[in-house]
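Residues in the sequence shown are numbered from 1 upward in steps of one, following our numbering.
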Amino acid sequence: MKLENLEQLTTEGKNESTRDLDRMSARGIVQLMNDEDKKVPYAVERVLDEVSEAVELIVAAMERGGRLFYFGAGTSGRLGILDASECPPTFGTDPELVQGVIAGGQSAMIRAVEGAEDSVELGQEDVRKYGVTDRDVVVGIAASGRTPYVLGVLKEAQEIGARTIALSCNQPSFINKGVDVAINVVVGPEVLTGSTRLKAGTAQKLVLNMLTTATMIRLGKVYGNLMVNVQATNQKLKERVKRIVMEVTGVSYSEAERLAEQAKGDAKTAILMKLTGTSREEAVQMLQLANGRIREALSKYS
């Protein structure tokens, strides 16, 4: 298949059920869109083995000091940046740990940069620019599975020795070549022909949610189903820390507030202080010895 043969791509196909889209009522349009969107989770379900394989790959890399990079163009690039930017407040990670890169640079987040996605060389340059190493994992995101920028990214990352993952909404997909894990979520033709910000974008968002959330859970940044690594950077998050401490330890609001203050806003430290009767310094040391995992720290203490 040549790159220019777009009509052969599932994401560029015509959806027979939406041929009269411009003649429909607002209610009819949104009903049809909702019907199509219902297909997305089932498409994601079919690739869960590949998604879990990708998670294990990312976890292993991070345990060795590696980072996760998302590279994409247009909607795909924006979704990668969105997912990466949510990791620090949700999981207390360093902003360098998960990074999103969009073809054309940060200005492309708001306004399309013409031609950026068509350059293999730009993709290769961005991999070098962001300092990707052989310890890192690079995810190339392209709904079409053939974006030249992403092809360049994955080629350069492989030459450096980084582990690579391809995320597309077509099968077969050009960007699968040589990658460690290929995730192809085939959601079918869009309601609006070729508008991959719709079902394809939703599918990509669901997969990206899984990659980072499952990775952070496996790395011990979650206790039960609680975001114990959350950073108390605003009033809402400060209150969340208190609620987490209350739920895990069973203390009152006022006691949780006191513990949170003593722990300098760190929920995991506050929890360990209460459950083990230790000081902040001792709790911090326990967490360090347990690689930040509360359960492991408790098991060692007992």
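Here a beta-carbon is modelled for each residue, glycine too, at the ideal position from N, C-alpha and C.
These figures come from a predicted structure and were not determined experimentally.
Tell me which residues share the same chain as residue i and place their Cβ nearer than 6 Å to its Cβ, disregarding the 5 neighbours each side in the sequence.
i	result
G194	E12
R304	No answer is possible for residue 304: the residues shown for the chain start at 1 and end at 302.
V248	I271
M210	V51
T276	Y301
I217	none
N229	F91, G92 and K221
L226	I244
E26	In the sequence on display, residue 26 carries Ala and not Glu. Around A26: no qualifying Cβ.
Would you kindly check if the distance between the Cβ of residue j and the Cβ of residue i is under 7 Å?
i	j	result
K300	L287	no
V150	I175	yes
L113	V153	Contrary to the premise, residue 113 reads as Val rather than Leu in this sequence. Their beta carbons are not under 7 Å apart, which means V113 does not touch V153 by this criterion.
L167	I141	yes
V186	T18	no
R241	A232	Note on residue identity: the sequence assigns Val, not Arg, to residue 241. Yes, these two residues count as a Cβ contact at 7 Å.
T212	D20	no
P189	N34	no
D134	A162	yes
D118	P148	yes
R280	Q262	yes
I58	T215	yes
Counting only the same chain and skipping the five closest in sequence on each side, list residues whose C-beta sits under 7 Å from that of residue i.
i	result
E50	V181, A182 and I183
T93	C87
N170	L9, T10, T11, S144, G145, N184 and V186
V179	L154, T164, I165 and A166
V47	I183, N184 and V185
R78	I102 and M109
A256	K242, V245 and M246
Let me check one thing: in DSSP terms, what residues is residue i bridge-paired to?
i	result
A182	A166
V329	The structure shown does not extend to residue 329, since the chain is modelled only from 1 to 302, so the question has no answer here.
G105	Answer is none; G105 lacks a bridge partner.
Q307	For the chain, the structure presents residues 1 to 302; residue 307 sits outside this window and is missing.
Y223	L226
Assuming residue i contacts residue j (C-beta within less than 8 Å), just tell me the rounded distance between them.
i	j	result
L272	A283	4 Å
T196	A143	4 Å
V91	V132	Per the sequence presented here, residue 91 reads as Phe, with Val not at that position. About 21 Å separates the two Cβ atoms, so there is no contact after all.
K274	L259	6 Å
A73	A103	4 Å
L192	G80	That belief does not hold up - the Cβ atoms of L192 and G80 are roughly 22 Å apart, past 8 Å.
K236	G265	Not really, about 13 Å apart at Cβ, beyond 8 Å.
F71	V138	6 Å
E36	K199	6 Å
Only counting the same chain, and skipping five residues up and downstream in sequence, which positions put a Cβ closer than 8 Å to that of residue i?
i	result
Y130	F69, Q99 and V101
L32	S17, T18, L21, M24 and V191
E296	G220 and A290
S252	M246
Could you tell me whether the stretch 158-171 touches the stretch 90-101, where touching means 3 or more Cβ pairs closer than 8 Å? no
Any contact between the stretch 59-71 and the stretch 220-231? By contact I mean 3 or more CB pairs, one from each, below 8 Å. no
Cβ contact check for the stretch 200-207 and the stretch 34-45: 3 or more pairs under 8 Å: yes
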